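Colleague:
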Amino acid sequence: MKVGEIFCKTALNRTRIPGYRYCLNPYLGCAHGCRYCYADTTLRFSGHPARWGEFVAAKVNFAEVLRRQLGRKGDPAGRILLGTVTDAYQPAEAEYALTRACLEALIEVWPGAEVDVLTKSELVVRDADLWRRLRHSSVGFTVTTVRDDVAAVLEPGASPPWARIRAAARLRAAGVPVWAFVAPLLPGLTDAPGALEELVAVLRSAGVREILVDALNPYPAAVERLREAYARQLRWATGHLERYLADRRGYLRGLPERLARLEHRYGCRVAFC
Ligand code: SF4
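Residues in the sequence shown are numbered consecutively from 321, following our numbering.
#1: Based on DSSP bridge pairs, tell me the residues matched to Thr439.
#2: Nearest to Arg399 by alpha carbon, out of Ala408, Leu519, Thr406 and Arg336?
#3: Going by beta-carbon coordinates alone, are Thr276 and Leu509 separated by less than 8 Å?
#4: Leu422 bridges to which residues according to DSSP?
#5: If you draw a straight line from the alpha carbon of Arg603 to that of Pro540, how long is it in whole angstroms?
#6: Measuring alpha carbon to alpha carbon, tell me which residue in Lys440, Leu386 and Ser458 is nearest Glu530.
#7: Output the residue ranges of the beta strand (DSSP E) runs that lie fully inside the region 471 to 509 and measure 3 residues or longer, sorted by chain position.
#8: Looking at C-alpha atoms only, which residue of Tyr358, Ala331 and Ala377 is the closest neighbour of Arg387?
#9: Going by C-alpha to C-alpha distance, which of Tyr409, Glu434, Asp511 and Gly339 sits closest to Ser441?
#10: Using the rule of at least 16 other Cβ atoms within 10 Å of the residue's Cβ for burial, across every protein chain shown, is Ile485 buried or exposed?
#11: Buried or exposed for Trp556, please, with buried defined as at least 16 other CB atoms from any protein chain shown within 10 angstroms of its CB.
#12: Beta carbon of Val502: closer than 7 Å to some heavy atom of ligand 1?
#13: Evaluate contact between the region 577 to 586 and the region 514 to 532, counting only Cβ atoms and requiring at least three cross-stretch pairs below 8 Å.
#14: Along the chain, where does the alpha helix (DSSP H) that runs through Leu454 open and close?
#15: Tyr416 by DSSP, collapsed to three states: which one?
#16: Once the 5 residues before and after Arg492 are set aside, which same chain residues still bring their CB inside 6 Å of it?
#17: Compare the beta carbon distance of Ala535 and Arg568 with 8 Å and say whether it is the shorter of the two.
#18: Short check: CB of Ala566 to CB of Thr558, under 8 Å?
#19: Just to confirm, are Val473 and Val520 a CB contact at a threshold of 8 Å?
#20: Assuming Arg563 and Pro507 make a contact with CB atoms under 8 Å, what is their CB distance in whole Å?
#21: Would you tell me roughly how many angstroms separate the C-alpha atoms of Ala488 and Ser525, rounded to the nearest one?
#22: With hydrogens ignored, establish whether the beta-carbon of Ala478 is closer than 7 Å to any heavy atom of ligand 1.
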């Protein structure tokens, strides 16, 4: 994929995501191209006509702007989430290292910064040295399935699930706090018989002690892409997707109890957002 280059005016922005005060998004667009992603609005607002997953722009002055903002703001109050509408470790990061430069700026100017990243990329392991130095920070891996074939359909540009799980184990071994975000819970896939338990067991064996689970956001464009992907390549699960969309509350009934049983069985936190 061709990666464009743009200049940004601000790097550190306020966010309304619960638990966080600021967000950092060093890229516009995301090559992971997840079918359920609702961040495609960022492309539309920026006027790019490309389909989601087919356009990425690197904000080449991002770290420089961040340093300026950090210098002006004084003491940080509130957590920072890295990657709210992009994946900060998508393939372009291997070349541009904008996320790495952000972490270096934070360590230099706000060494006590509390930063979390959510990623679907094993590239995050490259920055283990920096994540270890950000003492109040953590790396979250989004994993919706352990099945590489399902992930290849729904998260085509991301690292395969097993690569993410191995990356979590490596970071944990390097002393970096890791957690997992099982989201969105994909109807008929993440919650297929035995699938959720297998996912929790695998994450636990990688050293993950905190797993957050969240339901699918029925954002219309994402639903349209998901319906198309299910119909073409995941036909066995389409009934579950439609049942979920018709009655979300009813579909999710009993899930918190199911998670509580897994929490008890595997000795880690498994919570429904
Ligand atoms: S990794 Fe995140 S931002 Fe990127 S396409 Fe997937 S859900 Fe969207």
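No residue lacks a Cβ here, since even glycine has one placed at the ideal position from N, Cα and C. None of these values were measured; they are calculated from a predicted model.
Modeller: According to the structure data:
#1: Residue 439 sits at position 119 when you count from the first residue of the sequence shown. Per the DSSP secondary-structure output, Thr439 pairs in a beta bridge with Phe461.
#2: Counting from one through the sequence shown, the residue named residue 399 turns up at place 79. Comparing Cα-Cα distances from Arg399 to each of Ala408, Leu519, Thr406 and Arg336, the minimum goes to Arg336.
#3: Here the chain comprises residues numbered 321 to 593, so residue 276 is not present and cannot be evaluated.
#4: Position 102 of the sequence shown, counted from the first residue, corresponds to residue 422. The amino acid at residue 422 is misidentified as Leu; the sequence shows Cys. Note: Cys422 sits in no beta bridge, so no partner.
#5: Residue numbering for the chain in the displayed model covers 321 to 593; residue 603 lies beyond these limits and cannot be assessed.
#6: In the sequence shown, residue 530 corresponds to position 210, counting from 1. Checking every option, the nearest Cα to that of Glu530 belongs to Ser458.
#7: Runs found: 498 to 505.
#8: Working through the sequence shown from its first residue, we reach residue 387 at position 67. Comparing alpha-carbon positions, the option among Tyr358, Ala331 and Ala377 lying closest to Arg387 turns out to be Ala331.
#9: Translated into the one-based positions of the sequence shown, residue 441 becomes position 121. Nearest in C-alpha terms to Ser441, of all of Tyr409, Glu434, Asp511 and Gly339, is Tyr409.
#10: The residue given as residue 485 occupies position 165 in the sequence shown. Buried, by the Cβ-count rule.
#11: Within the sequence shown, the letter at position 236 stands for residue 556. With fewer than 16 neighbouring CB atoms inside 10 Å of its own CB, Trp556 falls in the exposed class.
#12: Taking the sequence shown and counting its residues from 1, one reaches residue 502 at position 182. At a cut-off of 7 Å, the beta-carbon of Val502 does not count as near ligand 1: no heavy atom of the ligand is closer than that.
#13: Yes, the region 577 to 586 is in contact with the region 514 to 532.
#14: Your numbering for residue 454 matches position 134 in the sequence shown. Careful: Leu454 lies outside any alpha helix (DSSP H) and carries neither H nor E.
#15: Here residue 416 refers to the residue found at position 96 when the sequence shown is read from its first residue. In the displayed model, Tyr416 falls within a helix according to three-state DSSP.
#16: Walking along the sequence shown from the start, residue 492 turns up at place 172. Correct list, in chain order: Val498 and Gly527.
#17: Within the sequence shown, the letter at position 215 stands for residue 535. Within the sequence shown, the letter at position 248 stands for residue 568. Inclusion of Ala535 and Arg568 in the CB contact set at 8 Å is warranted, their separation being smaller than that value.
#18: One-based indexing of the sequence shown puts residue 566 at position 246. One-based indexing of the sequence shown puts residue 558 at position 238. No, these two residues do not count as a Cβ contact at 8 Å.
#19: Sequence index remark: in the sequence shown, residue 473 carries index 153 (1-based). Sequence index remark: in the sequence shown, residue 520 carries index 200 (1-based). Not in contact: Val473 and Val520 (Cβ atoms no closer than 8 Å).
#20: In the sequence shown, residue 563 corresponds to position 243, counting from 1. In the sequence shown, residue 507 corresponds to position 187, counting from 1. Arg563 to Pro507, Cβ: 7 Å. Contact.
#21: As a first step, residue 488 must be located in the sequence shown, where it is residue number 168. As a first step, residue 525 must be located in the sequence shown, where it is residue number 205. Roughly 10 Å between the two C-alpha positions.
#22: Residue mapping note: residue 478 aligns to position 158 of the sequence shown, counting from 1. Ala478: yes, Cβ under 7 Å from ligand 1.
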